[in-house]
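Under the working numbering, the letters of the sequence shown match residues 497 to 850, in that order. By construction, the Cβ of each residue, glycine as well, lies at the ideal position given by its N, Cα and C atoms. Values in this document were obtained by computation on a predicted structure and should not be read as measured data. Structure record follows, encoded as structure tokens.
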Amino acid sequence: MTSNNPRQRRSSPRHLAPIGALMGIAALCAMPAAHAAPDHAAQMIRSRSKAVCVNPHPDHTKLSSMVVGFSQSQGNENPFRAEETKSLKDAAHSFHAKRYIYTNAHSNEAKQVADIESMINQGAQALVIAPLNSTGLQPAFAQAVAKHIPIITIDRHTAGTHCTDYLTFMGSNFYKQGEIDGKQLAKATGGHAVIAEIQGAYGNSVETERTKGFAAAIKPYLGMKVIAAQTGNWSTTDAQKVMSQILLAHPNVNAVYTQSDTMAYGAVTALRDAGKKPGEVKIVTIDGTKQGVQDIVSGWIYADDETNPRFGPIALHELQNWFDGKPVPQHIVIKDHLYTQANAKSALASGVPY
């Protein structure tokens, strides 16, 4: 690198190396041992990309001497968000971060940008971001890049360039989740179903991929048809209204696919209000919350594919790898559980569902 590069590291002894400095080798194959997470975190990782980001000027600064920030996108009344928030807070504590800053955008894109900019102004030296939407964070990323602040994105994909705007994305395989639910619904209905699909809020990768995966899984089954597909906005209340409306228009619905447990709760309430009995309408959903797994035991839900929210240990470990000059995979897929009648009771007894 030459000294006139605008992303050259700062002369301060507390510098953070520029994220975009190594685009030329970002696609190198990573050596697993070089960035392997601690045992408790590694057990949650399904796969890592071969493409990596590497800090060209590692200073081996420890997170224990740094200010770490986390930008949450939605309110913690959602069990997934609550567990995700807890995981990041606990990880910051276990890594002995000098200071931990937390913000919550409460489903407001402009607020999330302002939140991130505020954390940067407060001296954040490393950031973890759960993006609200697939676009919109570019102004915040630009400020972070200007100050050489590494970013880990979690849970939802967002526009940007690996190694420049952010280091990595870590989350579930959303397409696979939809595919798994489609196959489970085919199993539950013997391949003959009139399906109501309650989708998440439009405009983010989670909804898009879960919709595509489900459609691909049921395509071979000529007896399975989605009779209605509407957004429930990840909301229990909205999903209940949508399900009630669908039942009025299509009382013959015998299967439901919801893209989150929060929406499954609403669908269950609507079905109960319509006089349906547990198991009469087969429901598959995604998240793996404690309530969702309990609804499997009670017979309301057939299968629930977990979305693992415990990103904290892995995210902070990869940030430390960045400062130490070790390869950071550009994409990390988290391992999820599939809950069914076969394992729901034992899972609840073990305390795994959140």
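Does the separation of the CB atoms of residue i and residue j fall below 7 Å?
i           : j           : result
residue 785 : residue 757 : yes
residue 783 : residue 576 : yes
residue 764 : residue 796 : yes
residue 634 : residue 613 : no
residue 759 : residue 735 : yes
residue 849 : residue 789 : yes
residue 478 : residue 652 : Outside the shown range of the chain (497 to 850) lies residue 478, about which nothing can therefore be said.
residue 589 : residue 560 : no
residue 719 : residue 771 : no
residue 624 : residue 811 : yes
residue 826 : residue 547 : yes
residue 587 : residue 809 : yes
residue 609 : residue 626 : no
residue 675 : residue 711 : no
residue 818 : residue 551 : yes
residue 732 : residue 761 : yes
What whole-angstrom Cβ distance do residue i and residue j have, given they're in contact under 8 Å?
i           : j           : result
residue 792 : residue 666 : Incorrect: roughly 27 Å between the Cβ atoms, too far for contact.
residue 835 : residue 684 : So it is not a contact: roughly 14 Å between Cβ atoms.
residue 563 : residue 607 : No, residue 563 and residue 607 are not in contact; Cβ-Cβ is about 21 Å, not under 8 Å.
residue 708 : residue 671 : 6 Å
residue 540 : residue 830 : 6 Å
residue 616 : residue 643 : 6 Å
residue 583 : residue 803 : Wrong, their Cβ atoms sit about 13 Å apart, outside the cutoff.
residue 580 : residue 807 : 6 Å
residue 664 : residue 814 : 6 Å
Check the DSSP bridge columns for residue i and list the partner residues they point to.
i           : result
residue 544 : 828
residue 567 : 599, 625
residue 445 : Outside the displayed span of the chain (497 to 850) sits residue 445, for which this structure offers no information.
residue 782 : 801
residue 720 : 689
residue 837 : Beta-bridge pairing links residue 837 to no other residue.
residue 727 : 695
residue 553 : The partner list for residue 553 (beta bridge, DSSP) is empty, contrary to what the question assumes.
residue 658 : 662
Name the two residues that bound the continuous beta strand (DSSP E) containing residue i.
i           : result
residue 600 : 595 to 600
residue 751 : 751 to 754
Could you give the residue range of the alpha helix (DSSP H) that holds residue i?
i           : result
residue 816 : 808 to 819
residue 633 : Segment: none, residue 633 is in no alpha helix (DSSP H) and carries neither H nor E.
residue 739 : 732 to 745
residue 617 : 605 to 617
residue 708 : 701 to 714
residue 764 : 757 to 769
residue 579 : 575 to 590
Open item on the list: I'd like to know if the segment 654 to 670 and the segment 685 to 699 are in contact, where contact means that at least 3 CB-CB pairs between them fall below 8 Å.
Closed with: They do not touch, by the three-pair rule.
Task: Sufficient close CB pairs (3 or more, under 8 Å) joining the segment 626 to 639 to the segment 697 to 704 - done: At 8 Å Cβ cutoff, the stretches touch.
Open item on the list: Three or more C-beta pairs under 8 Å: does that hold for the segment 744 to 762 against the segment 771 to 781?
Closed with: Judged by pairs of C-beta atoms under 8 Å, the segment 744 to 762 touches the segment 771 to 781, as three or more such pairs exist.
Open item on the list: Can you confirm whether the segment 597 to 608 touches the segment 550 to 570 when touching is taken to mean that 3 or more C-beta pairs between the two stretches lie within less than 8 Å?
Closed with: The count of Cβ pairs closer than 8 Å, one atom from the segment 550 to 570 and one from the segment 597 to 608, reaches three, so the stretches are in contact.
Open item on the list: With a threshold of 8 Å, are at least 3 pairs of Cβ atoms found where one atom belongs to the segment 645 to 652 and the other to the segment 674 to 682?
Closed with: Verdict: no, contact absent.
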